[in-house]
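Just so we're aligned, residue 1 is where the sequence shown starts under full-length UniProt numbering, counting upward by one.
The beta carbon of each residue, even a glycine, is placed where N, CA and C say it ideally should be.
The structure presented is a predicted model; accordingly, all values stated were derived computationally and were not measured.
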Amino acid sequence: MFYLPIIPRLQRMFASMQTPGHMTWHHENKKSVGVLRHPSDGKAWKHFDRVHPDFAIYPCNVRLGLCSDGFNPYIQASSSPYSCWPVIITPYNLPPEMCMSKAYMFLSCLIPGPSNPKAGIDVYLEPLIDDLKRLWNGVLTYDVSRKQNFIMKAALMWTINDFPAYGMLSGWGTHGRFSCPHCMEHKKSFTLNYWKKPCWFDSHRRFLPKNHVFRKNKSL
1 MFYLPIIPRL QRMFASMQTP GHMTWHHENK KSVGVLRHPS DGKAWKHFDR
51 VHPDFAIYPC NVRLGLCSDG FNPYIQASSS PYSCWPVIIT PYNLPPEMCM
101 SKAYMFLSCL IPGPSNPKAG IDVYLEPLID DLKRLWNGVL TYDVSRKQNF
151 IMKAALMWTI NDFPAYGMLS GWGTHGRFSC PHCMEHKKSF TLNYWKKPCW
201 FDSHRRFLPK NHVFRKNKSL
């Protein structure tokens with residue numbers, strides 16, 4: 001397993017003359033009501049600000065996202081089974097055109113191996129988790145634009161992954177009756193009579209209530 005520490009790279013974003021001003025973009029560019037331009041306009045960001053006001057009050061504190069998925073680096077997958085799991089950290093303080101560019105997608109972990117790490121991925125993520133804990137408490141950082149030190153904190157806001165990887169990262173069982181973390185006990189699955197397994201066929205359909213205003217709105 002290869003681990004590339006993220007703390008020095010986040011500190012360098014304040015040490016470079018090109019990026020410190022962009023790290024407070026999410027705070028200085030006030031949101032337009034009803035327009036989703038950036039993750040800072042979304043409900044998750046605003047909910048986090050309400051729950052952690054001491055963190056949100058400082059614009060220099062960094063909001064992070066984690067993305068991970070596995071792939072086989074070899075073309076002939078059947079002849080040489082192999083698994084490679086990159087873990088990428090992205091700072092979302094930046095403007096939309098920057099936070100989705102390659103330069104600011106930080107490869108933090110690379111987990112190679114003959115098979116999928118599955119639930120054991122927690123072991124490989126331990127160095128990253130230790131750094132995230134340090135960042136939550138704060139690390140001393142120099143801001144070249146203000147020419148002074150400050151305590152930089154960071155929080156992992158969300159993960160971006162497909163459903164199997166979601167189960168690995170969160171520990172949620174993505175198989176069985178309660179595999180949907182959103183539906184929970186309101187699931188629409190049913191058990192097959194002769195196979196005794198949960199089936200989700202046609203369970204993705206959702207209908208509006210009969211008296212919903214959208215049912216009579218012909219402009220939609």
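Here residue 195 is exposed: its Cβ has fewer than 16 other Cβ atoms, across all protein chains shown, within 10 Å.
Setting aside the 5 residues that flank it on each side, residue 162 is surrounded in the same chain by 69, each with a C-beta closer than 8 Å to its C-beta; the list follows chain order. Inside the segment 31 to 83, DSSP marks whole beta strand (DSSP E) runs of 3 or more residues at positions 62 to 68, from first to last along the chain. Residue 28 has its alpha-carbon roughly 13 Å from the corresponding atom of residue 38. A buried status is given to residue 63, since no fewer than 16 other beta-carbon atoms sit within 10 Å of its beta-carbon.
In this structure the segment 123 to 130 does not lie against the segment 142 to 151, because fewer than three pairs of beta carbons, one per stretch, are closer than 8 Å. A distance of 9 Å or more separates the beta carbons of residue 71 and residue 60. Contact check for residue 191 and residue 198: beta-carbon distance about 6 Å, within the 8 Å limit, so the pair qualifies. Around the beta carbon of residue 96, a 10 Å sphere encloses fewer than 16 other beta carbons of the protein chains shown; the residue is thus reported as exposed. Residue 132 and residue 169 do not touch by the CB rule: their CB atoms are close to 13 Å apart, not below 8 Å. A Cβ-Cβ separation of about 5 Å places residue 65 in contact with residue 90 under the 8 Å criterion. Counting of Cβ neighbours within 10 angstroms places residue 99 among the buried residues, the total reaching 16 or more. When the beta-carbon positions are compared, residue 88 and residue 106 come within less than 9 Å of each other.
Looking at 3, 14, 2, 41, the one whose alpha-carbon comes closest to that of residue 150 is 14.
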